[in-house]
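Working notes for the structure below.
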Amino acid sequence: MNIVVCLKQVPDTETRIRIKDDAGKGIVRENVKFIISPFDEFALEEALRLKEKLGGQVIALSLGPDRAKDALRTALAVGADKAVHVNDGGLAGTDSLGVARTLAAAIRKLDHDVVLFGKKGVGLDRGQVPAQVAQILGLPFAGQATEITVSDDGKSATVDREIEGGRERFEVPLPAVISREKSANELRHAALKGIMAAKSKPIQAFTLADLGLDAAALQPKVLVSKMEYPTERTAGRVLQGDAATAARELVRLLHEEAKVI
Ligand SMILES: Cc1cc2nc3c(=O)[nH]c(=O)nc-3n(C[C@H](O)[C@H](O)[C@H](O)COP(=O)(O)OP(=O)(O)OC[C@H]3O[C@@H](n4cnc5c(N)ncnc54)[C@H](O)[C@@H]3O)c2cc1C
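Heads up: the sequence shown begins at 600 in this note's numbering, then just goes up one per residue.
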């Protein structure tokens with residue numbers, strides 16, 4: 600079973616994001632710590648568990664600038680067998696479709712029975728790339744999986760996902776593209792031995808030319824026109840007096856100030 604797992608680097612969720620002053624069309628990236636998107640960590644864990652059960656190899660794939668290699672080294676340190684980095688200046692500023700077209704071209708070059716993604720890249724939260732990759736590759740897509748079971752013959756997979764008030768189960772023939780929801784699966788952490796070994800493992804590099812793609816064709820069609828901070832929350836108010844007085848005051852405020860009743 601060959602499993603390709605796509606890892607996106609995103610700003611650490613603890614980071615205080617600053618919008619660029621100039622046009623408000625992006626964020627300040629200097630001095631930001633980048634991590635593997637949390638949903639992708641669950642996809643990586645799933646890939647490693649599938650390999651442990653079924654054999655084969657896990658290939659970690661990331662598209663991004665030089666720093667994306669850190670995500671790939673982390674994947675190698677916890678047990679991925681190979682790492683592939685797509686890095687090309689022509690990709691700067693591309694949109695989700697450009698990312699999907701590039702990842703799909705890289706995946707075509709890799710042996711794949713299952714292609715795993717996180718359900719969304721934390722931060723932008725668009726959740727578009729996995730389905731777009733599936734469509735470009737002409738593969739079945741199952742999104743937001745909470746459980747993935749591959750059949751004994753390796754020809755199909757059962758994918759469970761949570762839905763409002765229940766659970767839905769899909770059967771998909773392999774190869775397939777599956778995106779991963781978070782789960783109760785404990786994530787493994789790299790041991791020192793794994794970290795040291797990962798430093799010397801090669802990372803295969805692809806440019807757009809290697810993938811037969813042209814930067815001009817990957818220019819964004821969806822243009823970010825503005826980013827804004829969320830509206831500042833006003834301070835809360837504590838109502839004084841006994842319960843009856845506070846309740847009367849609350850009703851008055853909801854009626855006269857908030858105008859919701
Ligand atoms: C400088 C800059 C400029 C940009 N300009 C634009 C713009 O003009 N218009 C626009 O629409 N967007 C723009 N973007 C957004 C950018 O293209 C997004 O990274 C892209 O939309 C995919 O990220 P996402 O979080 O939306 O992916 P999602 O669809 O939420 O990602 C889902 C999953 O896909 C996989 N994945 C996503 N990206 C990668 C990756 N790079 N490598 C490996 N796996 C990946 C991961 O498994 C992830 O969990 C810009 C980004 C940058 C950095």
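Glycine included, every Cβ here is placed at the ideal spot set by N, Cα and C. None of the values given here were measured: they were computed from a predicted structure.
Pick from the options that is closest to residue i, judged by C-alpha positions
i, options, result
"V676", "A842, S824, D841 and K792", "Contrary to the premise, residue 676 reads as Ala rather than Val in this sequence. Comparing Cα positions, the closest option is K792."
"A703", "G625, K719 and Q734", "Q734"
"A804", "V821, A789, V685 and R779", "V685"
"L810", "R760, G720 and I706", "I706"
"K754", "L738, L773, L736 and G764", "L773"
"E767", "D751, E746, R787 and S782", "E746"
"N630", "D639, D611 and A775", "D611"
"F633", "Q656, I658 and I616", "I616"
"S824", "P664, G625, K800 and L736", "G625"
"E761", "D751, R648, A659 and K781", "K781"
"D813", "L647, T693 and K681", "T693"
"D751", "G654, A834 and V609", "G654"
"K718", "C605, E613, I658 and N784", "C605"
Assigned secondary structure, residue i (DSSP; H/G/I helix, E/B strand, else coil)
i, result
"P637", "helix"
"L662", "strand"
"V631", "coil"
"V776", "strand"
"A790", "coil"
"E767", "strand"
"A804", "strand"
"V604", "strand"
"V609", "strand"
"V850", "helix"
Contact test: residue i Cβ vs ligand 3 heavy atom, cutoff 7 Å
i, result
"Q656", "The model depicted lacks ligand 3 and carries ligand 1 instead."
Same chain, Cβ closer than 8 Å to residue i, five either side skipped, listed in chain order
i, result
"G697", "L690, L817, Q818 and P819"
"G840", "E848"
"K798", "R672"
"K652", "V749"
Beta-carbon proximity list for residue i, same chain, < 6 Å, skipping 5 on both sides
i, result
"V728", "S695, V698 and A699"
"A741", "V758, F769, V771 and I777"
"D710", "N601"
"G663", "Q608"
Beta-carbon proximity list for residue i, same chain, < 7 Å, skipping 5 on both sides
i, result
"E640", "L786"
"V721", "V609, T612, S636, P637 and F638"
Run through the region 676 to 764 for me and flag every whole alpha helix (DSSP H) of 4 or more residues, listed as ranges in chain order. DSSP runs (the alpha helix (DSSP H)) wholly in the region 676 to 764: 695 to 707 and 728 to 736.
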